[in-house]
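Enquirer:
Protein chains in written order, with my numbering: chain P, 119 to 350; chain E, 7 to 142.
Shown next as structure tokens:
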């Protein structure tokens, strides 16, 4: 295939009706400047010889043919679209977690990661929720916003949250011998990161009356509260 | 017990069903046994079934089917808006609307305020109880 152009060409032949252009073949020949290209190359249209192909190794006959013809699955070139963030969720929004260990906790939204998950923090000192990823579907967005300008979340991405891969030892007999060494402790670096993110957040939270107590409390449905009528 | 609120030209009513739910309208004419011609400053004059209206205590002085301008002047003269918002019915509706529009954070602050208030009340009550008990 010829090299792709950097900007796709706007056609010089506007449509009068679908299927009928304004200019005839000869007019278009002139408009596209094919006469100039021919003149530049001495009356002939430039021809590029095909590039010499690398020598292909001769294919060997396969060792095994299946008894019946094996069907090849159809080609699937589908690329999933990037997760759309709800309009009500902006950096600094207070979210209510609906599932998991921190169900009901009110939490501050920091940013959306490339995987589509939301990066969220308690802050840890206030309600015990660390820097964590959460799915948009398991979250209610409230209209309360926290000032998040002092926080730098550039360096947090999905790789930061990847599980550590344990090296597996070969040897089935060692099943009942040594159990796992210790409980996995959180590396100091992650604790420092948590403190760094939470420092300016806590300052801006303490600037608003009752917001700290609000984030420390859990949300629950009480008698008479109808979720479809509540304004969050 | 006799009726106190009558359907008459100039009676202000509250719409309790339909597209204009919650609006205050004025009855400007009676179409037949079941329907009235109804008008308000911010809507096109139209008919409504009486079943969709709840009569209020407020009436204004208008001729039958007044022009919009006359209607608005008469409503200003009778001060319908302020009379409504200061009446206990009107105040209740305003409070209901405010409660329904509360944010999650607002509801939390409300809870704190209620607890604080009841704390103060209980303190006073305990004081009074103690005085009473000691005086017996």
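Beta carbons are placed, not taken as given, at the ideal position from N, Cα and C, and that holds for glycine.
Just the chain P side, please: which residues come within less than 8 angstroms of residue 106 of chain E by C-beta, in chain order?
Expert: Residue numbering aside, residue 106 of chain E sits at position 100 when the second chain is read from its first letter. Residues of chain P passing the Cβ test: 347 and 349.
Enquirer: Three-state secondary structure (DSSP) at residue 196 of chain P?
Expert: In the first chain, residue 196 of chain P corresponds to position 78, counting from 1. The answer is coil: DSSP assigns residue 196 of chain P none of H, G, I, E or B.
Enquirer: Can you give me the C-alpha to C-alpha distance between residue 309 of chain P and residue 272 of chain P, rounded to a whole angstrom?
Expert: To locate residue 309 of chain P, count along the first chain from 1; it is residue 191. To locate residue 272 of chain P, count along the first chain from 1; it is residue 154. For residue 309 of chain P and residue 272 of chain P, the distance between alpha carbons rounds to 17 angstroms.
Enquirer: Less than 7 angstroms between the C-beta atoms of residue 239 of chain P and residue 315 of chain P, yes or no?
Expert: Numbered from its first residue, the first chain carries residue 239 of chain P at position 121. Numbered from its first residue, the first chain carries residue 315 of chain P at position 197. Going by C-beta atoms, residue 239 of chain P is nearer than 7 angstroms to residue 315 of chain P.
Enquirer: Hey, residue 247 of chain P and residue 236 of chain P: beta-carbon distance below 7 angstroms or not?
Expert: Along the first chain, one-based indexing puts residue 247 of chain P at 129. Along the first chain, one-based indexing puts residue 236 of chain P at 118. Against a cut-off of 7 angstroms, the Cβ pair of residue 236 of chain P and residue 247 of chain P comes out as no contact.
Enquirer: Can you give me, in chain order, the residues of the stretch 112–125 of chain E that have a beta carbon less than 7 angstroms from any beta carbon in chain P?
Expert: Here the close residues are 114, 115 and 118.
Enquirer: Kindly identify the DSSP beta-bridge partner or partners of residue 224 of chain P.
Expert: In the first chain, the residue the question calls residue 224 of chain P occupies position 106. Partner(s): P/214.
Enquirer: Please report whether the beta-carbon of residue 211 of chain P lies at a distance below 7 angstroms from any beta-carbon of chain E.
Expert: Counting from one through the first chain, the residue named residue 211 of chain P turns up at place 93. Output row for residue 211 of chain P: interface = no.
Enquirer: Is residue 260 of chain P close to chain E, meaning its C-beta is less than 7 angstroms from at least one C-beta of that chain?
Expert: Position 142 of the first chain, counting from 1, holds the residue named residue 260 of chain P. Yes, because at least one Cβ of chain E sits closer than 7 angstroms to the Cβ of residue 260 of chain P.
Enquirer: Report the rounded CA-to-CA distance for residue 7 of chain E versus residue 88 of chain E, giving the unit in angstroms.
Expert: The residue given as residue 7 of chain E occupies position 1 in the second chain. The residue given as residue 88 of chain E occupies position 82 in the second chain. Approximately 29 angstroms between the Cα atoms of the pair.
Enquirer: Going along the chain, which unbroken runs of the alpha helix (DSSP H) with 4 or more residues stay wholly within the stretch 52–103 of chain E?
Expert: Counting whole runs of 4 or more residues, the stretch 52–103 of chain E contains the alpha helix (DSSP H) stretches 74–84 and 86–92.
Enquirer: Quick check: what's the CA-CA separation for residue 110 of chain E versus residue 131 of chain E?
Expert: Locating residue 110 of chain E in the second chain gives position 104, where the first residue counts as 1. Locating residue 131 of chain E in the second chain gives position 125, where the first residue counts as 1. Cα to Cα, residue 110 of chain E sits roughly 32 angstroms from residue 131 of chain E.
Enquirer: Compare the Cα-Cα distances from residue 230 of chain P to each of P/274, P/164, P/190 and P/323 and report the closest residue.
Expert: Locating residue 230 of chain P in the first chain gives position 112, where the first residue counts as 1. Measuring from the Cα of residue 230 of chain P, the nearest candidate turns out to be P/274.
Enquirer: Look up residue 119 of chain P in the DSSP assignment and say whether it is helix, strand or coil.
Expert: As a first step, residue 119 of chain P must be located in the first chain, where it is residue number 1. With a pLDDT of 47 at residue 119 of chain P, under the threshold of 50, the modelled position of that residue is not reliable, and the figure given next carries that caveat. Looking at residue 119 of chain P - three-state DSSP - the assignment turns out to be coil, as it is neither helix nor strand.
Enquirer: Using a beta-carbon distance cut-off of less than 7 angstroms, what residues from the stretch 310–328 of chain P approach chain E?
Expert: Of all residues in the stretch 310–328 of chain P, 328 have a Cβ within less than 7 angstroms of some Cβ in chain E.
Enquirer: How about residue 328 of chain P and residue 115 of chain E: do their beta carbons lie closer than 7 angstroms?
Expert: Within the first chain, residue 328 of chain P is the residue found at index 210, counting from 1. Within the second chain, residue 115 of chain E is the residue found at index 109, counting from 1. Yes. Within cutoff.
Enquirer: Which one of P/279, P/258 and P/268 has the shortest CA to CA distance from residue 249 of chain P?
Expert: Within the first chain, numbered from 1, the residue matching residue 249 of chain P stands at position 131. Taking only the C-alpha atoms, the option nearest residue 249 of chain P is P/279.
Enquirer: Per DSSP, residue 251 of chain P is paired with what?
Expert: Sequence index remark: in the first chain, residue 251 of chain P carries index 133 (1-based). DSSP lists P/237 as partners of residue 251 of chain P.
Enquirer: Can you name the residues of chain E whose CB is closer than 7 angstroms to the CB of residue 332 of chain P?
Expert: Within the first chain, numbered from 1, the residue matching residue 332 of chain P stands at position 214. Here the neighbours are 111 and 114.
Enquirer: Looking at the secondary structure, which residues open and close the alpha helix (DSSP H) in which residue 113 of chain E lies?
Expert: Here residue 113 of chain E corresponds to residue number 107 of the second chain, with the count starting at 1. It spans 110–141 - the alpha helix (DSSP H) in which residue 113 of chain E sits, taken as one unbroken run.
Enquirer: For the beta strand (DSSP E) holding residue 263 of chain P, just list the boundary residues, first then last.
Expert: To locate residue 263 of chain P, count along the first chain from 1; it is residue 145. Taken as a continuous stretch (DSSP letters only), the beta strand (DSSP E) holding residue 263 of chain P covers 257–263.
Enquirer: I want to know whether the stretch 331–338 of chain P touches the stretch 219–234 of chain P - three or more CB-CB distances under 8 angstroms.
Expert: Yes: the two stretches touch, three or more of their Cβ pairs being nearer than 8 angstroms.
Enquirer: Cβ closer than 8 angstroms: which chain E residues qualify as neighbours of residue 335 of chain P?
Expert: Here residue 335 of chain P refers to the residue found at position 217 when the first chain is read from its first residue. Ordered by position in chain E, the residues that pass the 8 angstroms Cβ test against residue 335 of chain P are 114.
Enquirer: My guess is that residue 18 of chain E and residue 32 of chain E are in contact by the Cβ rule of under 8 angstroms, so how many angstroms apart are they, rounded?
Expert: Numbered from its first residue, the second chain carries residue 18 of chain E at position 12. Numbered from its first residue, the second chain carries residue 32 of chain E at position 26. Right, their Cβ atoms sit about 6 angstroms apart.
Enquirer: So what does DSSP say about residue 49 of chain E, is it helix, strand or coil?
Expert: For the purposes of this step, residue 49 of chain E is taken as residue 43 along the second chain, with counting starting at 1. Of the three classes helix, strand and coil, the one that applies to residue 49 of chain E here is strand, per DSSP.
Enquirer: Among the candidates P/144, P/320, P/245 and P/282, whose CA atom is the shortest distance from the CA of residue 302 of chain P?
Expert: On the first chain, residue 302 of chain P is found 184 positions in, with the first residue counted as 1. When each option's Cα is compared against that of residue 302 of chain P, the closest is P/282.
Enquirer: For residue 73 of chain E and residue 65 of chain E, what's the separation of their Cα atoms in angstroms?
Expert: As a first step, residue 73 of chain E is located in the second chain; it is residue number 67 there, counting from the start. As a first step, residue 65 of chain E is located in the second chain; it is residue number 59 there, counting from the start. Approximately 17 angstroms between the Cα atoms of the pair.
Enquirer: Determine the contact status of residue 211 of chain P and residue 259 of chain P, defining contact as a CB-CB distance below 7 angstroms.
Expert: Position 93 of the first chain holds residue 211 of chain P. Position 141 of the first chain holds residue 259 of chain P. Their beta carbons are under 7 angstroms apart, which means residue 211 of chain P touches residue 259 of chain P by this criterion.
Enquirer: The alpha helix (DSSP H) that contains residue 244 of chain P, what's its start and end?
Expert: Residue numbering aside, residue 244 of chain P sits at position 126 when the first chain is read from its first letter. Element bounds for residue 244 of chain P: 242–245.
Enquirer: Count the other CB atoms, across all protein chains shown, that sit within 10 Å of the CB of residue 331 of chain P; report buried if there are 16 or more and exposed otherwise.
Expert: For the purposes of this step, residue 331 of chain P is identified with residue 213 of the first chain, where counting begins at 1. Label assigned to residue 331 of chain P: exposed.
Enquirer: Do residue 241 of chain P and residue 319 of chain P have their C-beta atoms closer together than 7 angstroms?
Expert: Your numbering for residue 241 of chain P matches position 123 in the first chain. Your numbering for residue 319 of chain P matches position 201 in the first chain. Yes, they are a contact pair.
Enquirer: Quick check on residue 7 of chain E: does DSSP put it in helix, strand or coil?
Expert: The residue labelled residue 7 of chain E in the question sits at position 1 within the second chain. Note: residue 7 of chain E maps to coil in three-state DSSP.
Enquirer: Report buried or exposed for residue 42 of chain E, applying the criterion of at least 16 other Cβ atoms within 10 angstroms of its Cβ.
Expert: Along the second chain, read from residue 1 onward, the residue named residue 42 of chain E stands at position 36. That one is buried.
Enquirer: Would you mind working out which of P/276, P/243 and P/323 sits nearest residue 267 of chain P, comparing C-alpha positions?
Expert: Your numbering for residue 267 of chain P matches position 149 in the first chain. Checking every option, the nearest Cα to that of residue 267 of chain P belongs to P/323.
Enquirer: Count the other CB atoms within 10 Å of the CB of residue 119 of chain P; is the residue buried (16 or more) or exposed (fewer)?
Expert: In the first chain, counting from the first residue as 1, residue 119 of chain P sits at position 1. In this prediction, residue 119 of chain P has a pLDDT of 47, which is less than 50 and means its spatial position is unreliable; what the coordinates show is noted afterwards. Exposed, by the Cβ-count rule.
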